[in-house]
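Protein chains in written order, with the UniProt record's numbering: chain B, 1 to 396; chain W, 1 to 63. Ideal Cβ positions, reconstructed from N, Cα and C, are used throughout, including at glycine. Since the model is a prediction, treat every value here as computed from it, not as a measurement. To start, the structure under review is shown below, and the notes come after it.
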Amino acid sequence: MSELTLPTARQRPLDPPDEVTRLRQQAAIHRMTYADGHQGWLVTGYAAARAILAHPHFSNLAENMHPPIAARMELRKEPEFRSPPGFFLRMDAPEHTRFRKLLTGQFTVRRMKMLEPRIEEITNACLDAMAAEGGPVDLVEAFALPIPSLVICELLGVPYEEREQFQKDSKILVNLETKSADAVAAMRRIWAYLHGLIERKRKDPADDLLSGLIEGGELTDEELTGVGVLLLIAGHETTANMLGLGTYALLTNPAQLAALREDPSLIDNAVEELLRYLTIIHLGPIRTALEDVEIEGTTIKAGESVTIHLPVANRDPARFADGEDLDVTRPAGGHLTFGHGIHQCLGQQLARAEMRIAYPALLRRLPGLRLAVTPEEVPMRSEMSIYGVHRLPVTW
Amino acid sequence: MKIKADESVCIGAGMCALTVPQVFDQSEDEGTVVLLQDVPAQELEDAVRRAVTLCPSGAISVE
């Protein structure tokens, strides 16, 4: 039995656990004992991670998967969590393909370009409110969360004024320390909310994504609800954390902040570099082999689970020279933060559009932006499945 | 250089359209790859190769 279990404690807030980095220096793939005793694997190398994520013999079905850490083990027994209808993130082809094809047309580069003026408007409104209030403010509450929240709500057709409960439930669901009963209750609440919204939209359709899916007639109400829950949670927990943690990273790396201020045309690249360097997906993805597969000379047997350590793979020196450093001038494309293969993030072009607008607007509008506390006092989201800052007190 | 695109494996991630919008677009309904030209101008060849590497589903290739 392997002595290795998944290290999760970080020594420094912006770097993945040192033990995992050391493992990558030794090999790309490692035997690891999972929380249920399963003998699976941990992947730390970039090329191996990419190969597995794109490989058709690796399944994403929850029922095939072993848990790398003890959190949520009980939750896996709850039917609501195993494979809710419409949760295409947890499906394999061809079932996954059916959902993905219905949705990709809504998230194309061109569609996201059309959203840009509205994203700018929302960003400016947040900045106006911050400027009027004066510092210090919590940047998460005033800026990082409301921008992606409002955008995904408008895109899906979820009334923003009804956000209080589903924002709370979303947070409960991505918290790895949430007790099973609380997670089940949160899932039931957010499910019931979206189910009710689908019924309302069926009677009273509008020009939004959920109404469009209803009109398309290809999905049942349960499937529509699952798609809605998945996209709503994904839209809330990802870009919001990139904006919060990315700002923290820039404010604590003054040379990088200065480089970006000096040359705003670096922004597209800086966004990719922040995505790579911060890799807020800090647990998983997890895949399970359906057949024996050889990856870089290691045979992963059918039934064995693989945990891919994206933050460490994204710093592999074989792919990114000096990968441990934040460098907004490096060509950072090709990182695995949005995943790779058929499950690569559906909303990635939306996330890019939001970040490419929000970071520069923030730096332009508040040139004196700085932390209102010491960096050590900023509470990090160590216990959440998506990393970030809980709060970011700033002033200017 | 000649580009080939396989819509049947495309997942509509949009990396090609983001990287070389002169050459790649996405269909309105399914978001899958649309080739605007299959023989790109020479100065775009490097960018097209980059798009091939970035494509998550292996839907585009060059020969």
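Asked, Found
"Can you name the start and end residues of the beta strand (DSSP E) that B/R287 belongs to?", "286–289"
"Leaving out five residues on either side along the sequence, give the residues of the same chain with a beta carbon under 8 Å from the beta carbon of B/A93.", "P56, I342"
"Whose C-beta lies closer than 6 Å to the C-beta of B/R319 among residues of the same chain, with five residues either side of it excluded?", "Y46"
"Given B/A270, which residues of its chain have a CB within under 6 Å of its CB, disregarding the five upstream and five downstream residues?", "L260, V328"
"So, at 7 Å on beta carbons, what are the nonlocal neighbours of B/G388 in its own chain, with the 5 sequence-adjacent residues on each side left out?", "N241, G244, L245, I280, R381"
"When you compare the CB of B/V109 with every CB in chain W, is at least one pair closer than 8 Å?", "yes"
"At what residues does the beta strand (DSSP E) containing B/M112 begin and finish?", "Run containing B/M112: none in the beta strand (DSSP E); it sits in the alpha helix (DSSP H), 109–133."
"Can you give the beta carbon distance from B/L232 to B/V306, rounded, assuming they're within the 8 Å contact cut?", "29 Å between Cβ atoms; not a contact."
"Apart from the five residues on each side of it in sequence, which residues of its chain come closer than 6 Å, Cβ to Cβ, to B/V140?", "G244, R391, L392"
"For B/Q349, go through chain W and note every residue whose CB falls closer than 7 Å to its CB, in chain order.", "G14, L18"
"In terms of residues, what are the limits of the beta strand (DSSP E) holding W/K4?", "3–5"
"Output, in sequence order along the chain, the residues in the region 24–53 of chain W whose CB is closer than 8 Å to any CB in chain B.", "D25, Q26, S27, E28, D29, E30, G31, T32, R50, T53"
"Using only the alpha-carbon positions, how far apart do B/L127 and B/Y359 sit?", "11 Å"
"Across which residues does DSSP place B/W396 in a beta bridge pair?", "Answer by DSSP bridge pairing: none, since B/W396 is not bridged."
"Could you tell me which residues DSSP puts in a beta bridge with B/G40?", "B/M32"
"Quick one: give me the first and last residue of the beta strand (DSSP E) that W/Q26 is part of.", "24–26"
"Determine, using beta carbons only, whether B/T97 and W/Q26 come nearer to each other than 8 Å.", "no"
"Measure the C-alpha to C-alpha separation of B/A185 and B/E63 and round it to an integer number of angstroms.", "21 Å"
"Start and end of the beta strand (DSSP E) containing B/I300?", "298–300"
"What does the Cβ neighbour count give for B/Y160, buried or exposed, with the cut at 16 atoms within 10 Å?", "exposed"
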